[in-house]
Amino acid sequence: MATPTSKLVKFTSLEKKSLTGTRLSSRDPEETRVERLSYQMGRGRRRGRTNKVNNPDDRISEMPDEILSFMLFLLPIEDAARTSILSRRWRYLWKTSAAYSSSFNLDVVAMRGSAYSDDIFVSFNDYRYLDYEELLSIERLKFINWVDQILKLDYRPMMDSFRLRYYIKKDSTDHINRWINMAISKRVKNFDINLSHFHTWGKCLNEELYTFPDWLFTLETGSLVKLLYLKSCIFRPLNFNCSSLVDLQLCEVLIDQTCLVSFFSNCPNLEKLFLVRCHNLLGLKISGPLLKLKYVAIINCRSLGYLDIDARNLNRLEYRGKQVNFSFLNVTQLSDVIVHLIQEDYSAAISPIKRPIHLSQFTNLKKLVLVITAYNGTLWGFIPLLHGSPFLHTLEMHWSYPFAKDSEEKGMQKPSDFPHSSLKNITVSGFKGSAHEVEFTTYLLNNATTLQKLTIFKATKYYSYEEGYYGCVAEKRKIEEGATEQVMNVLPPGVEFLLL
């Protein structure tokens with residue numbers, strides 16, 4: 001399907017007028033910081049002015065700007081921005097409220113309102129025909145100007161977080177670097193940078209991606225950073241020094257194994273590593289005697305060929321993607337594992353697990369979640385994994401397709417009984433009642449000698465890696481039962497009701 005070259009675009013009233021420049025003030029040195037901000041944004045402070053003509057009961061307008069700014073600070077920034085249409089006095093008042101904030105929130109939704117992504121295309125007033133590149137250039141320029149105005153405010157000397165949300169490419173590198181550098185000067189601890197907003201306007205090529213400026217984070221400036229979230233950019237942290245970094249989250253970021261090895265050596269306090277759709281990553285080796293890593297999530301990194309982990313403090317591992325070569329060493333604290341393998345032939349996906357697993361390999365594993373997306377194959381290949389987890393307490397298995405009984409054809413024979421004395425809870429979802437599913441579930445029941453609870457769902461529970469939990473099928477069932485009860489309460493006598 002050909003990509004359209006034009007769009008109906010509406011420009012909101014908030015963007016029709018350019019922001020005014022700085023006005024000099026002759027007030028005495030004792031004036032407050034918010035008063036100065038009022039002059040900087042192009043209007044003087046109107047202390048105690050009463051709106052007697054329009055509404056004698058308007059007590060809010062009688063309040064000084066300092067109080068109004070603080071009130072607006074208590075609102076979400078997009079709601080505070082809406083007050084700019086009330087009058088000339090309110091036009092920039094919401095921006096002065098940012099001086100009370102402890103964070104830089106440079107979000108296009110805050111600039112244009114929560115309906116920006118939809119509203120910009122659907123109105124029949126004030127629209128123009130523009131091609132995509134022209135549209136992106138205009139919108140990007142307006143966003144950059146908006147950010148520059150926000151950053152001119154007299155913020156606190158120290159800030160907690162920096163948040164940037166928009167579709168920006170490498171041609172805006174100087175602007176982004178300047179914003180990040182300002183955040184560093186304010187001793188920001190948490191960086192949240194997402195440059196992929198509104199990617200539906202066109203796919204950004206790798207050579208167009210912005211490169212994150214790791215060189216700005218020196219031994220001195222980088223030592224304060226605790227969290228770094230990056231999306232849709234290039235990250236080459238060869239000289240990245242963040243000794244206090246605890247949480248690293250990379251989504252759709254171009255990075256390779258060499259850069260990650262260098263990163264681990266410069267960030268010894270890292271506890272959480274989250275990699276999503278980092279397609280240039282061919283392999284991942286996590287090792288080091290000083291690593292404090294506790295949580296690793298690898299999601300849909302399609303080029304990944306191997307995963308080697310040597311991390312004695314690791315207690316949670318999540319993996320979603322194709323079958324790769326797994327190697328675990330010194331993971332005695334690993335207690336929570338979620339694996340979602342995607343393969344058309346599941347017997348091929350689990351064939352490396354056919355060989356026995358040493359019983360000492362996962363001696364601390366308490367919970368195992370397996371998400372199975374396959375069109376055919378068997379489940380027997382996972383039994384050795386259970387054998388290698390003698391203290392496993394909870395097992396969850398969620399499969400999307402019914403399994404045929406083709407063990408002999410696939411070379412996967414039913415294993416002999418192996419009693420499991422610690423397994424208390426088993427949950428199965430996506431159960432369609434095929435012969436192999438019944439046989440496999442029966443095997444689990446016969447070998448879980450101290451089982452306390454078995455839960456089976458016909459519908460599949462789907463895992464959300466962003467939220468970290470499974471879609472609540474039980475809650476959906478509760479809603480359906482409530483709706484059924486309401487229908488039955490109004491059903492006329494003698495009418496048969498069937499819910500299929």
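Every letter in the sequence shown is one number past the one before it in UniProt numbering, and letter 194, counting from 1, is 194. Where is the CB? At the ideal position from N, CA and C, for every residue including glycine.
Contact belief for residue i with residue j at Cβ below 8 Å, rounded distance in angstroms
i: H340; j: L386; result: Between L386 and H340 the Cβ distance is about 17 Å, and since that is not below 8 Å, they are no contact.
i: L451; j: L423; result: 6 Å
i: N325; j: R312; result: Their Cβ separation, rounded to whole angstroms, is 21 Å, which puts N325 and R312 out of contact at 8 Å.
i: Q257; j: L281; result: 7 Å
i: C259; j: H279; result: Their Cβ separation, rounded to whole angstroms, is 15 Å, which puts C259 and H279 out of contact at 8 Å.
i: A183; j: F212; result: Contact flag wrong, Cβ pair sits at about 13 Å.
i: S102; j: R156; result: 7 Å
Where the alpha helix (DSSP H) through residue i begins and ends
i: V438; result: A435 to N447
i: C259; result: Q257 to N266
i: T173; result: T173 to S185
i: L385; result: I383 to H387
One or two residues paired with residue i in a DSSP bridge
i: H398; result: V371 and S429
i: R163; result: N105 and D192
i: E62; result: Note: E62 sits in no beta bridge, so no partner.
i: N272; result: Checking the sequence shown, residue 272 turns out to be Lys, not Asn. Partner(s): D247 and Y295.
i: F211; result: At residue 211 the sequence reads Thr, which differs from the Phe that was named. Its beta-bridge partners are I234.
i: H393; result: Partner(s): none; H393 has no beta bridge.
i: V337; result: L317 and L368
i: residue 521; result: Here the chain comprises residues numbered 1 to 500, so residue 521 is not present and cannot be evaluated.
i: Y224; result: Sequence check: residue 224 is Leu here, not Tyr. For L224, which the question treats as bridged, DSSP gives no partner whatsoever.
i: L254; result: I234
C-alpha gap between residue i and residue j, whole angstroms
i: S389; j: N364; result: 8 Å
i: D247; j: S262; result: 16 Å
i: L164; j: K142; result: 15 Å
i: S303; j: F73; result: 45 Å
i: I150; j: N177; result: 16 Å
i: S18; j: R91; result: Caution applies to S18, whose pLDDT of 33 falls short of 50 and renders its modelled position unreliable; the value that the coordinates give is listed next. Each residue's Cα considered, the two are about 12 Å apart.
i: I138; j: G321; result: 38 Å
i: S87; j: A80; result: 14 Å
i: T373; j: N190; result: 36 Å
i: S196; j: S172; result: 14 Å
i: K432; j: K461; result: 13 Å
i: G222; j: L334; result: 30 Å
i: P415; j: N447; result: 11 Å
i: D310; j: C267; result: 16 Å
i: S61; j: L75; result: 17 Å
i: E485; j: M397; result: 31 Å
i: Y443; j: L227; result: 45 Å
i: N362; j: T332; result: Inspection of the sequence shows that residue 362 is occupied by Phe rather than by Asn. Whole-angstrom Cα-Cα distance: 6 Å.
i: I144; j: L216; result: 21 Å
i: F104; j: S287; result: 35 Å
i: V188; j: E207; result: 29 Å
i: S232; j: F391; result: 41 Å
i: F264; j: V253; result: 17 Å
i: A435; j: S400; result: 16 Å
i: I342; j: S327; result: 19 Å
i: I85; j: V225; result: 38 Å
i: Y166; j: N181; result: 18 Å
i: S123; j: R59; result: With a pLDDT of 36 at S123, under the threshold of 50, the modelled position of that residue is not reliable, and the figure given next carries that caveat. Each residue's Cα considered, the two are about 35 Å apart.
i: E437; j: I255; result: 41 Å
i: S185; j: I67; result: 28 Å
Spatial neighbours of residue i in its chain, beta-carbon cut-off 6 Å, leaving aside the 5 residues before and after
i: V276; result: C251 and I299
i: V147; result: L106
i: K285; result: D308
i: I338; result: E318 and V369
i: K292; result: N269, E271 and N313
i: Q249; result: Y229 and F274
i: R316; result: Y295 and D336
i: T455; result: T427
i: I193; result: L164 and L230
i: G283; result: Q257, G305 and Y306
i: T449; result: P419 and S421
Residue interval of the beta strand (DSSP E) (run including residue i)
i: T455; result: K453 to F457
i: F326; result: N325 to L329
i: R316; result: R316 to G321
i: Y306; result: Y306 to D310
i: K424; result: Here K424 belongs to no beta strand (DSSP E), and DSSP marks it neither H nor E.
i: S303; result: Looking at the DSSP string, S303 is not in any beta strand (DSSP E), and its letter there is neither H nor E.
i: I85; result: It is not in any beta strand (DSSP E) - I85 carries neither H nor E in the DSSP assignment.
i: L284; result: L284 to S287
7 Å CB neighbourhood of residue i in its chain, flanking five on each side removed
i: L219; result: N241
i: I168; result: R140, I176, L195 and Y210
i: M158; result: K186 and R187
i: L245; result: V225, K226, L228, C267, N269 and L270
Sequence-distant residues of its chain with Cβ nearer than 8 Å to residue i (five each side left out)
i: D214; result: F235, R236, P237, L238, N239 and F240
i: H393; result: K366, K367, S422, L423, K424 and N425
i: W179; result: F104, L106, V147, L151, F162 and L164
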